[in-house]
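Residue numbers (full-length UniProt numbering): 1 to 378.
Below you'll find the structure, written out as structure tokens, and then a few comments.
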């Protein structure tokens, strides 16, 4: 990862904001030390600049043509989009020239209040020059503790971690399946923790956790994978074109998406980010691409009222004041284990999608010949 410093004043860095990680998002200047390192770190590769905060986006011209006074923004990364392609000059005086028209260069304004595109016949002045340097590594995290179940005092995330660990089915280091009943209990425990964090925070997991509980009571299987794949015939209701809404497959998909948000949130909070930045970055990395406009409005109505980081850590301590370091350790463990579990859930979702696509072809043949197929789960 790299940091881009203005040659006119090296204390000014190219940056994004936590609330700007979207199409049309803000890109500008900040002074060194005024924002987290994450927001000034860039992946510079093959003429594309992508923010470390969310590499799904890239630095892009904001208009179809270059002009003096033009501006830049974030846009969803598309390797073939010429607006996102830059000619990065080498040497001590590095420049960012628009590939669409190399006569135009990314510059800082002379008052350092922003960026603009400006034309130069030759080498730009210092306002159009950058120093691209490797970003400094953050302080190493403490190692994830093993065998912490015996600790006498622990925060409120500890029971969730214990349930998730007991649910994990491994082959060597790889997580290959989940013990269904234990996973259901873990999700119920996590919902209880999220209820402590604020108004309706647990709503993201409530509905789909309730589906898990209901489906487990009706037709649960010890193996989560086997349980998920066993309901394939249920989706005949849609002609195998999509998941039935009231199904384990739909619950699994949205649990994975929503749990991914909390995984990122805990990771960023443990890394020292203040709540608004942690929420914005976690959302941009996970749920943003899956939510409609109204869903986004509802999301930020809830998470815009989330407590400050220090208050959240106090809540996660529980009745026994274990201290913020212990809570941060639990959040790191939750991020690590939760990421493995969501990866597995997404993998199982892809497997389920392939299975119902295969069934769709057979279903269409049966329909053509007047055969009717019924769900074996009825």
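No residue lacks a Cβ here, since even glycine has one placed at the ideal position from N, Cα and C.
Bear in mind the structure is a predicted one, so any value in this text is a computation, not a measurement.
How long is the line joining the alpha carbons of residue i and residue j, rounded to whole angstroms?
{"i": "residue 378", "j": "residue 244", "result": "Confidence at residue 378 is low in this model, with a pLDDT of 47, below 50, so the placement of that residue is unreliable and no value is reported for it."}
{"i": "residue 131", "j": "residue 53", "result": "20 Å"}
{"i": "residue 127", "j": "residue 107", "result": "5 Å"}
{"i": "residue 376", "j": "residue 349", "result": "Per-residue confidence for residue 376 stands at a pLDDT of 49, beneath the threshold of 50, marking its modelled position as unreliable; the derived number appears in the next sentence. Each residue's alpha carbon lies about 21 Å from the other."}
{"i": "residue 112", "j": "residue 40", "result": "16 Å"}
{"i": "residue 66", "j": "residue 120", "result": "12 Å"}
{"i": "residue 238", "j": "residue 274", "result": "44 Å"}
{"i": "residue 235", "j": "residue 356", "result": "7 Å"}
{"i": "residue 231", "j": "residue 213", "result": "15 Å"}
{"i": "residue 98", "j": "residue 124", "result": "13 Å"}
{"i": "residue 44", "j": "residue 50", "result": "7 Å"}
{"i": "residue 224", "j": "residue 279", "result": "30 Å"}
{"i": "residue 170", "j": "residue 337", "result": "12 Å"}
{"i": "residue 71", "j": "residue 195", "result": "43 Å"}
{"i": "residue 189", "j": "residue 33", "result": "38 Å"}
{"i": "residue 80", "j": "residue 100", "result": "12 Å"}
{"i": "residue 345", "j": "residue 311", "result": "31 Å"}
{"i": "residue 361", "j": "residue 247", "result": "21 Å"}
{"i": "residue 15", "j": "residue 30", "result": "6 Å"}
{"i": "residue 122", "j": "residue 8", "result": "17 Å"}
{"i": "residue 1", "j": "residue 20", "result": "20 Å"}
{"i": "residue 177", "j": "residue 165", "result": "12 Å"}
{"i": "residue 180", "j": "residue 299", "result": "29 Å"}
{"i": "residue 205", "j": "residue 265", "result": "14 Å"}
{"i": "residue 260", "j": "residue 89", "result": "38 Å"}
{"i": "residue 314", "j": "residue 271", "result": "16 Å"}
{"i": "residue 133", "j": "residue 256", "result": "36 Å"}
{"i": "residue 11", "j": "residue 277", "result": "22 Å"}
{"i": "residue 75", "j": "residue 42", "result": "14 Å"}
{"i": "residue 191", "j": "residue 28", "result": "38 Å"}
{"i": "residue 104", "j": "residue 351", "result": "48 Å"}
{"i": "residue 4", "j": "residue 13", "result": "6 Å"}
{"i": "residue 173", "j": "residue 347", "result": "16 Å"}
{"i": "residue 240", "j": "residue 359", "result": "7 Å"}
{"i": "residue 289", "j": "residue 56", "result": "10 Å"}
{"i": "residue 324", "j": "residue 318", "result": "11 Å"}
{"i": "residue 286", "j": "residue 258", "result": "8 Å"}
{"i": "residue 6", "j": "residue 64", "result": "25 Å"}
{"i": "residue 147", "j": "residue 326", "result": "Confidence at residue 147 is low in this model, with a pLDDT of 47, below 50, so the placement of that residue should be treated as unreliable; the coordinate-derived value is given next. Using only the alpha carbons, I get a separation of about 14 Å."}
{"i": "residue 334", "j": "residue 185", "result": "16 Å"}
{"i": "residue 217", "j": "residue 115", "result": "58 Å"}
{"i": "residue 382", "j": "residue 82", "result": "Missing from the structure shown is residue 382; the chain here goes from 1 to 378 and no further."}
From what residue to what residue does the beta strand (DSSP E) around residue i run?
{"i": "residue 283", "result": "Residue 283 -> not in any beta strand (DSSP E); alpha helix (DSSP H) instead, spanning 275-285."}
{"i": "residue 31", "result": "27-31"}
{"i": "residue 171", "result": "168-171"}
{"i": "residue 73", "result": "72-76"}
{"i": "residue 40", "result": "Where residue 40 is concerned, there is no enclosing beta strand (DSSP E), given that its DSSP letter is neither H nor E."}
{"i": "residue 133", "result": "130-134"}
{"i": "residue 4", "result": "2-6"}
If you count every other CB in all the chains shown that lies within 10 Å of the CB of residue i, and 16 or more means buried, which is it?
{"i": "residue 199", "result": "exposed"}
{"i": "residue 295", "result": "exposed"}
{"i": "residue 183", "result": "buried"}
{"i": "residue 303", "result": "buried"}
{"i": "residue 354", "result": "exposed"}
{"i": "residue 390", "result": "Given that the chain is displayed from residue 1 to residue 378, the structure contains no residue 390 and the question cannot be resolved."}
{"i": "residue 207", "result": "exposed"}
{"i": "residue 163", "result": "buried"}
{"i": "residue 331", "result": "buried"}
{"i": "residue 267", "result": "buried"}
{"i": "residue 87", "result": "exposed"}
By DSSP's criteria, residue i is part of a beta bridge. Which residues make up the other side?
{"i": "residue 87", "result": "97"}
{"i": "residue 349", "result": "According to DSSP, residue 349 bridges with nothing at all."}
{"i": "residue 45", "result": "48"}
{"i": "residue 203", "result": "None, per the DSSP bridge assignment."}
{"i": "residue 117", "result": "70 and 106"}
{"i": "residue 17", "result": "Paired residues: none, contrary to the question."}
{"i": "residue 177", "result": "169"}
{"i": "residue 59", "result": "74"}
{"i": "residue 12", "result": "31"}
For residue i, verify whether its CB is less than 7 Å away from any heavy atom of the ligand MG.
{"i": "residue 60", "result": "No copy of the ligand MG appears in this structure; indeed no ligand is present at all."}
**OP:** Counting only runs of 4+ residues fully inside the UniProt domain "Glycolipid transfer protein" (181-317), write out the alpha helix (DSSP H) ranges in chain order.
**Re:** 203-219, 224-229, 248-270, 275-285, 293-303 and 309-317
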